[in-house]
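**Student:** Here it is, the structure in full.
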């Protein structure tokens with residue numbers, strides 16, 4: 615004789631099991647979902663809305679009396695250097711620091727050097743410092759390069775018919791390259807040129823073609839390539855020659871950031887000018903003879919304070935949120951900020967400086 619089966623009891627048991635299993639699943643999902651992505655905030659005792667420099671793993675700025683260098687990875691290791699006089703500007707790297715005022719230049723731990731002309735800017739590499747000066751009588755620019763012992767290296771680099779509009783050092787992949795963007799103002803139309811000086815090889819120089827149809831605004835480097843970012847194109851050159859490999863049009867857009875991984879170079883762009891402050895683009899290209907480009911458009915429902923590339927995705931900071939997208943275009947997180955953002959400055963692959971009112975925070979994305 616078969617035992618009777620209480621159908622109602624089985625149904626009730628199944629419903630209870632489903633509810634219990636669903637509740638347990640929901641608890642674990644929420645626990646791990648909350649842990650999956652979050653933001654942490656470390657308040658810094660620094661002045662807001664200053665001119666910050668992010669390089670050499672430091673966030674650096676100058677007050678009226680001090681040069682403050684905050685170690686991004688460990689703020690307890692930060693340093694403060696007393697300034698004997700008010701300065702006009704500074705340059706830093708992971709191993710060098712230089713400040714300037716008027717015609718005076720000082721590398722850390724060395725006596726003040728007095729140059730001819732007015733110093734307009736400095737840039738530091740691993741073992742060299744470059745100071746841009748302008749002759750007060752004829753208005754001509756020149757760059758003087760110093761080694762880590764504060765001794766001049768070679769002759770000054772003169773720009774007899776051009777004005778230097780940007781310069782800096784590239785120190786990745788064991789290199790020390792001084793790059794200079796200058797504009798010839800003697801011709802009827804501005805002509806932009808780019809020069810590279812290799813200070814691993816005695817300062818040997820590489821020229822790039824002159825650009826008549828557009829201005830060059832930035833220079834980006836990878837292990838294999840040099841990318842010149844212009845107002846109309848991104849132009850790729852190989853590191854071993856100044857022969858153009860390809861160019862990709864970006865008319866109407868300007869570059870905000872660049873990253874490279876697994877042979878793919880990505881540029882983050884926004885519409886040029888103040889319109890469409892809720893649209894971004896990522897432009898992916900290969901480091902081959904053909905760019906094989908892929909363009910992704912990201913629409914944000916509110917105005918963007920800043921955006922940058924970190925780790926494996928796009929980070930977008932609005933007034934109230936940080937929104938993340940994977941490079942494939944799928945939104946991966948949407949986190950509310952604890953403090954409204956007035957500024958957001960990329961620090962490294964996981965952190966950015968959040969400026970809110972008079973306060974500054976190192977804000978990290980935890981996952």
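Numbering (the working numbering), first residue to last: 615 to 981. For each residue, glycine too, the CB sits at the ideal point set by N, CA and C. From a predicted model like this one, the values you see are computed outputs, not experimental measurements.
Have a look at 872, 946 and 861 and flag the residue whose alpha-carbon is nearest the alpha-carbon of residue 905.
**Tutor:** Of the candidates 872, 946 and 861, the one whose C-alpha sits nearest the C-alpha of residue 905 is 861.
**Student:** Quick one: what does DSSP say residue 601 is sitting in, helix, strand or coil?
**Tutor:** The structure shown does not extend to residue 601, since the chain is modelled only from 615 to 981, so the question has no answer here.
**Student:** For residue 744, report the span of its beta strand (DSSP E) as first-last.
**Tutor:** That run of the beta strand (DSSP E) goes 742-748.
**Student:** To the nearest angstrom, report how far apart residue 643 and residue 942 are at their CA atoms.
**Tutor:** The pLDDT assigned to residue 643 is 39, lower than 50, so where the model puts this residue is not dependable; a value taken from the coordinates is nonetheless given after this. Each residue's alpha carbon lies about 24 Å from the other.
**Student:** Taking 6 Å as the limit between beta carbons, can you name the residues of its chain near residue 722, skipping five residues before and five after?
**Tutor:** Closer than 6 Å at the Cβ level, and outside the excluded window around residue 722, lie 711.
**Student:** In angstroms with no decimal places, state the Cα-to-Cα distance between residue 782 and residue 705.
**Tutor:** So the two alpha carbons sit approximately 10 Å from each other.
**Student:** Measure the C-alpha to C-alpha separation of residue 857 and residue 695 and round it to an integer number of angstroms.
**Tutor:** Rounded to the nearest angstrom, the two C-alpha atoms are 44 Å apart.
**Student:** Which residue or residues does DSSP assign as beta-bridge partners of residue 705?
**Tutor:** In DSSP, residue 705 forms a bridge with 712.
**Student:** For a test of the three-state rule: what should DSSP assign to residue 787, helix, strand or coil?
**Tutor:** Residue 787: helix per DSSP, three-state reduction.
**Student:** Drop a sphere of 10 angstroms on the beta-carbon of residue 872, count the other beta-carbons inside from all chains shown, and report buried for 16 or more, exposed for fewer.
**Tutor:** It counts as buried.
**Student:** Which residues in the same chain have their Cβ closer than 6 Å to the Cβ of residue 911, if we skip the five residues on either side of it in sequence?
**Tutor:** Within the same chain, residue 911 has close Cβ partners 895.
**Student:** Where does residue 674 fall in DSSP's three states?
**Tutor:** Strand.
**Student:** Taking buried to mean at least 16 other C-beta atoms within 10 Å of its own C-beta, is residue 950 buried or exposed?
**Tutor:** Answer is exposed; the Cβ neighbour count stays below 16.
**Student:** What's the call for residue 1003, buried or exposed, on a 16-neighbour Cβ count within 10 Å?
**Tutor:** Residue 1003 is absent from the model: the chain starts at 615 and stops at 981.
**Student:** Give me the Cβ distance between residue 780 and residue 795, rounded to the nearest whole Å; I'm assuming they're in contact under 8 Å.
**Tutor:** Contact flag correct, Cβ pair sits at about 4 Å.
**Student:** Between which two residues does the beta strand (DSSP E) carrying residue 699 extend?
**Tutor:** First-last for residue 699: undefined, no H or E at that position.
**Student:** How is residue 728 classed by DSSP in three states: helix, strand or coil?
**Tutor:** Three-state result, residue 728: strand.
**Student:** Under the rule that 16 or more other beta-carbon atoms within 10 Å means buried, what is residue 933, buried or exposed?
**Tutor:** When all chains shown are included, residue 933 counts as exposed.
**Student:** Just curious, the beta strand (DSSP E) that residue 929 is in, first and last residue?
**Tutor:** It spans 927-932 - the beta strand (DSSP E) in which residue 929 sits, taken as one unbroken run.
**Student:** Figure out for me which residue from 868, 774 and 863 has the closest Cα to the Cα of residue 752.
**Tutor:** For residue 752, the nearest C-alpha among the options comes from 774.
**Student:** Should residue 1005 and residue 784 be called a contact, given that it needs their Cβ atoms to be closer than 8 Å?
**Tutor:** Nothing about residue 1005 can be read from this structure; the chain reaches only from 615 to 981.
**Student:** So, are the CB atoms of residue 874 and residue 832 less than 8 Å apart?
**Tutor:** Contact flag unset, no.
**Student:** Relative to the C-alpha of residue 772, which residue among 958, 909, 731 and 790 is closest?
**Tutor:** Ranking 958, 909, 731 and 790 by Cα distance to residue 772 puts 731 first.
**Student:** Can you tell which of 882, 816, 801 and 735 has its C-alpha closest to the C-alpha of residue 834?
**Tutor:** The shortest Cα separation from residue 834 among 882, 816, 801 and 735 belongs to 882.
**Student:** Would residue 741 and residue 728 be called neighbours here (beta carbons separated by less than 8 Å)?
**Tutor:** No, they are not a contact pair.
**Student:** Quick one: using the 10 Å Cβ neighbour count with 16 as the cut-off for buried, is residue 766 buried or exposed?
**Tutor:** Burial call: exposed.
**Student:** Residue 750: which of 734, 762 and 764 sits nearest, CA to CA?
**Tutor:** Minimum Cα distance to residue 750 is reached at 734.
**Student:** Name the DSSP bridge partner or partners of residue 935?
**Tutor:** Its beta-bridge partners are 950.
**Student:** Can you tell me whether residue 800 is buried or exposed, with buried defined as 16 or more other CB within 10 angstroms of its CB?
**Tutor:** Exposed, because fewer than 16 other Cβ atoms sit within 10 Å of the Cβ of residue 800.
**Student:** By how many angstroms is the C-alpha of residue 697 removed from the C-alpha of residue 714?
**Tutor:** Cα to Cα, residue 714 sits roughly 10 Å from residue 697.
**Student:** Should residue 920 go down as buried or exposed, given a rule of 16 or more other Cβ atoms within 10 Å for buried?
**Tutor:** So residue 920 ends up on the buried side.
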